[in-house]
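Report on one structure; see the data block that follows.
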Amino acid sequence: MSHRPRITKMLAWLAAGALLLAVFLWYLSPHLVVEMAGRLWSCI
Amino acid sequence: MSPKPPSSATTLPLRQMLICGALIVTLSMGIRHSFGLWLQPITMAHGWTREDYSVAMAVQNLVWGAAGPFVGWWADRSGAFRVLWLGALLYALGLLGMATTDHHLSFVLTCGVTIGLAQACSTYAVIYGVVGRNIDASQRSWAMGITAAAGSFGQFLMVPLASALIHQLDWSAALISLALAALLIGPLAFGVREARRKTPHAPSASASSQSSGQAASLRDGTPVSAGAALREAFGHRDYLLLTAGYFVCGFQLAFIGVHLPSYLRDHRLDPQVATTALALIGLFNVFGTYAAGALGQRIRKTWILSFIYAMRGVAMIAFVFTPPTPLSVSLFAATMGALWLSTVPPTNAVVAQMLGVKHLSMLGGIVFFSHQIGSFMGVWLAGRLYDATGSYQVVWWIAIGLAFAASLINLPIREQLQPARRLVSV
Numbered sequence: 017m018s019h020r021p022r023i024t025k026m027l028a029w030l031a032a033g034a035l036l037l038a039v040f041l042w043y044l045s046p047h048l049v050v051e052m053a054g055r056l057w058s059c060i
Numbered sequence: 316m317s318p319k320p321p322s323s324a325t326t327l328p329l330r331q332m333l334i335c336g337a338l339i340v341t342l343s344m345g346i347r348h349s350f351g352l353w354l355q356p357i358t359m360a361h362g363w364t365r366e367d368y369s370v371a372m373a374v375q376n377l378v379w380g381a382a383g384p385f386v387g388w389w390a391d392r393s394g395a396f397r398v399l400w401l402g403a404l405l406y407a408l409g410l411l412g413m414a415t416t417d418h419h420l421s422f423v424l425t426c427g428v429t430i431g432l433a434q435a436c437s438t439y440a441v442i443y444g445v446v447g448r449n450i451d452a453s454q455r456s457w458a459m460g461i462t463a464a465a466g467s468f469g470q471f472l473m474v475p476l477a478s479a480l481i482h483q484l485d486w487s488a489a490l491i492s493l494a495l496a497a498l499l500i501g502p503l504a505f506g507v508r509e510a511r512r513k514t515p516h517a518p519s520a521s522a523s524s525q526s527s528g529q530a531a532s533l534r535d536g537t538p539v540s541a542g543a544a545l546r547e548a549f550g551h552r553d554y555l556l557l558t559a560g561y562f563v564c565g566f567q568l569a570f571i572g573v574h575l576p577s578y579l580r581d582h583r584l585d586p587q588v589a590t591t592a593l594a595l596i597g598l599f600n601v602f603g604t605y606a607a608g609a610l611g612q613r614i615r616k617t618w619i620l621s622f623i624y625a626m627r628g629v630a631m632i633a634f635v636f637t638p639p640t641p642l643s644v645s646l647f648a649a650t651m652g653a654l655w656l657s658t659v660p661p662t663n664a665v666v667a668q669m670l671g672v673k674h675l676s677m678l679g680g681i682v683f684f685s686h687q688i689g690s691f692m693g694v695w696l697a698g699r700l701y702d703a704t705g706s707y708q709v710v711w712w713i714a715i716g717l718a719f720a721a722s723l724i725n726l727p728i729r730e731q732l733q734p735a736r737r738l739v740s741v
């Protein structure tokens, strides 16, 4: 019984980590990098 | 730091409040963070200059800060629920206005004033009032860290999402879809709806003694007017020092956030380096914000703030003194990211600890106003000094000097008042 909250917590941390990694990889996708770089540069 | 079960003094279920509060801040901070991506399409569509767009954004930031104390007062008085609903409606209205208007004045009124008000109604100060009143001091900093990390995640997520929306739809349809997303703040507000109380909530005795470090004052629990709370806050040296420190936070973040791409371009770095830097700032911001909140339960929060400001100074010195390369930019971005919004949980937790939670949204709103004035100064002064000197060198030095000044002024701050002076309940 006492292991259940720990496992739930670990799964929550893993899910959060996977979500952050997925968003970070999204930033690095070639299409988005080029488009966002263009927009960032145009903001100057 | 791990979540603990809700205390018996908690009036809202802990998970419900944190999840709904976190989602609200994710939406409001995330949408706001993506506005830079609309500069190019909107100015091109209407034939406006970048200054036209920038004026609306500057107005938005100042309205956000200036409205904060008033909105906070209302939230403290009537509860966050109505304030959040108003925020959702104003946010949607402002975004629809951005999408449809082609007059500059109405753009300033919608994008600037309306969305600025919406942000004041739906961001940290309002949610922190709920968190402060419903979680005892032993968990408060951690809970504020969770909420602030959600805002950091919103910023991190919304930039590529908004970029993809603009690409897939068009810029105006993308704004309308964000307006629909902003409306979700309303239903989420049910999760942070507080029951009306006639007397201010007082946490458990153990929490109270942990909060003040000593026995609670005889006057704890006594209803105190907003005016009395304001008089106490402005007569309190440590509150003023904290407010001054937050000005520095706003100055540095706005300067780096707005002018870093330009600085990198001056050093002939590839445009993609700026995108990677943005991603790293966003990623490490989430970790740093959560860590600062969680550490605030174990270490003096003013020491954490002092450390954050000092480390920002060290990171800026290391960055400015070495020729920027893709590697050094990435290291700087990761470091600054970890220190980015990490000031938010400890600053607000210190306000709660110092002056109580009854007027937390209003008093936190005042501190945040100082942050926004700093943001305005960071963007404006950097541009002006760049035009005057042809480089950002002077601004970097100002930002570095301010970092160490903020580090020093946070050190003597006492996190609790002496009982005899304590007018506002914990």
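Chains as they are written, first to last, in the numbering used here: chain Z, 17 to 60; chain V, 316 to 741.
Beta carbons: idealized from backbone N, C-alpha and C, even for Gly.
Residue span of the alpha helix (DSSP H) that contains residue i, given as start and end
{"i": "residue 468 of chain V", "result": "452 to 483"}
{"i": "residue 614 of chain V", "result": "Neither: residue 614 of chain V is in no alpha helix (DSSP H) and is coded neither H nor E."}
{"i": "residue 690 of chain V", "result": "675 to 704"}
{"i": "residue 446 of chain V", "result": "439 to 449"}
{"i": "residue 350 of chain V", "result": "That residue, residue 350 of chain V, is in no alpha helix (DSSP H); it is neither H nor E in DSSP."}
{"i": "residue 499 of chain V", "result": "Note, residue 499 of chain V: premise wrong, no alpha helix (DSSP H); not H, not E."}
{"i": "residue 650 of chain V", "result": "641 to 653"}
{"i": "residue 327 of chain V", "result": "Note, residue 327 of chain V: premise wrong, no alpha helix (DSSP H); not H, not E."}
{"i": "residue 505 of chain V", "result": "Here residue 505 of chain V belongs to no alpha helix (DSSP H), and DSSP marks it neither H nor E."}
{"i": "residue 45 of chain Z", "result": "That residue, residue 45 of chain Z, is in no alpha helix (DSSP H); it is neither H nor E in DSSP."}
Minimum Cβ-Cβ distance from residue i to chain Z less than 9 Å
{"i": "residue 328 of chain V", "result": "no"}
{"i": "residue 478 of chain V", "result": "yes"}
{"i": "residue 570 of chain V", "result": "no"}
{"i": "residue 598 of chain V", "result": "yes"}
{"i": "residue 475 of chain V", "result": "yes"}
{"i": "residue 458 of chain V", "result": "no"}
{"i": "residue 435 of chain V", "result": "no"}
{"i": "residue 468 of chain V", "result": "yes"}
{"i": "residue 723 of chain V", "result": "no"}
{"i": "residue 521 of chain V", "result": "Here residue 521 of chain V scores only 41 on pLDDT, less than 50, and its place in the model should not be relied on; the value that follows carries that caveat. No, residue 521 of chain V does not count as interfacial toward chain Z."}
{"i": "residue 471 of chain V", "result": "yes"}
{"i": "residue 587 of chain V", "result": "yes"}
{"i": "residue 495 of chain V", "result": "no"}
{"i": "residue 534 of chain V", "result": "Low confidence applies here, because residue 534 of chain V scores a pLDDT of 35, under 50, leaving its location unreliable; read the following figure in that light. Not an interface residue."}
{"i": "residue 484 of chain V", "result": "no"}
{"i": "residue 527 of chain V", "result": "Only weak support is given to the placement of residue 527 of chain V: the predicted model assigns it a pLDDT of 40, under 50, and the value that follows is read from those uncertain coordinates. Not one chain Z Cβ lies under 9 Å of residue 527 of chain V."}
{"i": "residue 633 of chain V", "result": "no"}
{"i": "residue 557 of chain V", "result": "no"}
{"i": "residue 352 of chain V", "result": "yes"}
{"i": "residue 601 of chain V", "result": "yes"}
Sequence-distant residues of the same chain with beta carbon closer than 7 Å to residue i, five excluded per side
{"i": "residue 368 of chain V", "result": "354, 357 and 358"}
{"i": "residue 472 of chain V", "result": "345"}
{"i": "residue 574 of chain V", "result": "697 and 707"}
{"i": "residue 616 of chain V", "result": "456, 661, 664, 665 and 730"}
{"i": "residue 26 of chain Z", "result": "none"}
{"i": "residue 620 of chain V", "result": "560, 658, 661, 662 and 725"}
Beta-carbon proximity list for residue i, same chain, < 8 Å, skipping 5 on both sides
{"i": "residue 392 of chain V", "result": "541"}
{"i": "residue 474 of chain V", "result": "348, 349, 352, 593 and 597"}
{"i": "residue 686 of chain V", "result": "380, 561, 562, 564 and 565"}
Residue i classed as buried or exposed, judged by whether at least 16 other C-beta atoms fall within 10 angstroms
{"i": "residue 430 of chain V", "result": "buried"}
{"i": "residue 550 of chain V", "result": "exposed"}
{"i": "residue 418 of chain V", "result": "exposed"}
{"i": "residue 553 of chain V", "result": "buried"}
{"i": "residue 28 of chain Z", "result": "exposed"}
{"i": "residue 722 of chain V", "result": "buried"}
{"i": "residue 50 of chain Z", "result": "exposed"}
{"i": "residue 483 of chain V", "result": "exposed"}
{"i": "residue 384 of chain V", "result": "buried"}
{"i": "residue 461 of chain V", "result": "buried"}
{"i": "residue 526 of chain V", "result": "With a pLDDT of 41 at residue 526 of chain V, under the threshold of 50, the modelled position of that residue is not reliable, and no figure is offered here."}
{"i": "residue 41 of chain Z", "result": "exposed"}
{"i": "residue 684 of chain V", "result": "buried"}
{"i": "residue 366 of chain V", "result": "exposed"}
CB contact check: residue i to chain V, cutoff 9 Å
{"i": "residue 36 of chain Z", "result": "yes"}
{"i": "residue 23 of chain Z", "result": "no"}
Close-in-space but distant-in-sequence residues of the same chain around residue i (CB under 6 Å, 5 per side omitted)
{"i": "residue 407 of chain V", "result": "494, 497 and 498"}
{"i": "residue 693 of chain V", "result": "566, 569 and 570"}
{"i": "residue 501 of chain V", "result": "400 and 403"}
{"i": "residue 589 of chain V", "result": "576 and 579"}
{"i": "residue 650 of chain V", "result": "630"}
{"i": "residue 637 of chain V", "result": "643"}
{"i": "residue 624 of chain V", "result": "718, 721 and 722"}
{"i": "residue 464 of chain V", "result": "601, 604 and 605"}
{"i": "residue 556 of chain V", "result": "724 and 728"}
Cross-chain neighbours of residue i in chain A, by beta carbon under 7 Å
{"i": "residue 686 of chain V", "result": "In the displayed structure, chain A is absent; the protein chains listed are Z and V."}
Unbroken alpha helix (DSSP H) runs of length 4 or more, entirely within the region 549 to 587 of chain V: which are they?
DSSP runs (the alpha helix (DSSP H)) wholly in the region 549 to 587 of chain V: 552 to 581.
Quick check for students: name the residue ranges of the alpha helix (DSSP H) that lie wholly in the region 359 to 434 of chain V, counting only runs of 4 or more.
You should have 365 to 393, 395 to 415 and 419 to 422.
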